[in-house]
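J.: In the numbering used here, the protein residues as written are 1053 to 1270.
(1) DSSP on residue 1009, reduced to helix/strand/coil?
(2) For the stretch 1176-1191 and the stretch 1199-1207, state whether three or more C-beta atom pairs, one from each stretch, are separated by less than 8 Å.
(3) Among 1097, 1115, 1198 and 1142, which one has its Cα closest to the Cα of residue 1127?
(4) Tell me the DSSP bridge mates of residue 1102?
(5) Give the C-beta separation of residue 1135 and residue 1125 to the nearest angstrom, bearing in mind that I take them to be a contact with Cβ-Cβ under 8 Å.
(6) Can you look up residue 1197 in the DSSP assignment and give me helix, strand or coil?
(7) Mark residue 1170 as exposed unless 16 or more other C-beta atoms lie within 10 angstroms of its C-beta, in which case mark it buried.
(8) My output table needs one value for residue 1108: the three-state DSSP class, helix, strand or coil.
(9) Taking Cβ positions, are residue 1037 and residue 1215 nearer each other than 7 Å?
(10) Determine the contact status of residue 1103 and residue 1094, defining contact as a CB-CB distance below 7 Å.
(11) Nearest by alpha-carbon distance to residue 1227: which of 1149, 1218 and 1168 is it?
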């Protein structure tokens, strides 16, 4: 009998897939239409509220070109017919010049962390050698290969060197260097670098109705 066999997918799943396809068609929004890289940071200067994100993807008739329109708007100001909106690309263009310095600063910090680690390892190696030398001269003294005076002189000399190195090690430990290495800033693409800059440097972005953008740093 026609249509008597068991459905491969449920009607509910079918409807969900249909809706997704409709959203992806001409003039539809992206699947994650309400979130973007600036979503948690951008505020309306007029009312102080978070601004909403809109992403519109369109394909012109008789053309293979796809156009993406990303913008932010204030729901309250829109409802009161005093619109406040801004294109995402305008915010990115304002931030772009700061990304180069941010990358340089973080690369230098990365180099400083590596240098700091190498110096510590070298000091620990030297202290280990001095400890071995203390043991050697003690064994030589016990075997009467050196006099007591020579042993004490050598022992004092080695211990003084150890004290200096241990003091230097304590200084290094007290230095405040951000050694977190969650991401290697030197290999990030532009979008990931922008995200890292936002997370580390920007508290909020305030947009006025006139189109003025204020970047408030952390």
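Glycine included, C-beta positions come from ideal geometry on N, C-alpha and C. Source: prediction; values computed, not measured.
T.: Working from what's here:
(1) Any property of residue 1009 remains undetermined from this structure, which presents the chain solely from 1053 to 1270.
(2) The count of Cβ pairs closer than 8 Å, one atom from the stretch 1176-1191 and one from the stretch 1199-1207, reaches three, so the stretches are in contact.
(3) Position 75 of the chain shown holds residue 1127. Selected option, being the one with the closest Cα: 1097.
(4) Here residue 1102 is taken as the residue at index 50 of the chain shown, counted from 1. Answer is 1095, bridged to residue 1102.
(5) For the purposes of this step, residue 1135 is identified with residue 83 of the chain shown, where counting begins at 1. For the purposes of this step, residue 1125 is identified with residue 73 of the chain shown, where counting begins at 1. With 8 Å as the limit, residue 1135 and residue 1125 qualify as a contact, their Cβ atoms being about 7 Å apart.
(6) Counted from its first residue, the chain shown places residue 1197 at position 145. Looking at residue 1197 - three-state DSSP - the assignment turns out to be coil, as it is neither helix nor strand.
(7) Within the chain shown, the letter at position 118 stands for residue 1170. Burial call: exposed.
(8) Within the chain shown, residue 1108 is the residue found at index 56, counting from 1. It is a strand residue.
(9) Because the chain in this structure spans residues 1053 to 1270, residue 1037 falls outside the shown range and cannot be described.
(10) Locating residue 1103 in the chain shown gives position 51, where the first residue counts as 1. Locating residue 1094 in the chain shown gives position 42, where the first residue counts as 1. Their beta carbons are under 7 Å apart, which means residue 1103 touches residue 1094 by this criterion.
(11) Sequence index remark: in the chain shown, residue 1227 carries index 175 (1-based). Ranking 1149, 1218 and 1168 by Cα distance to residue 1227 puts 1168 first.
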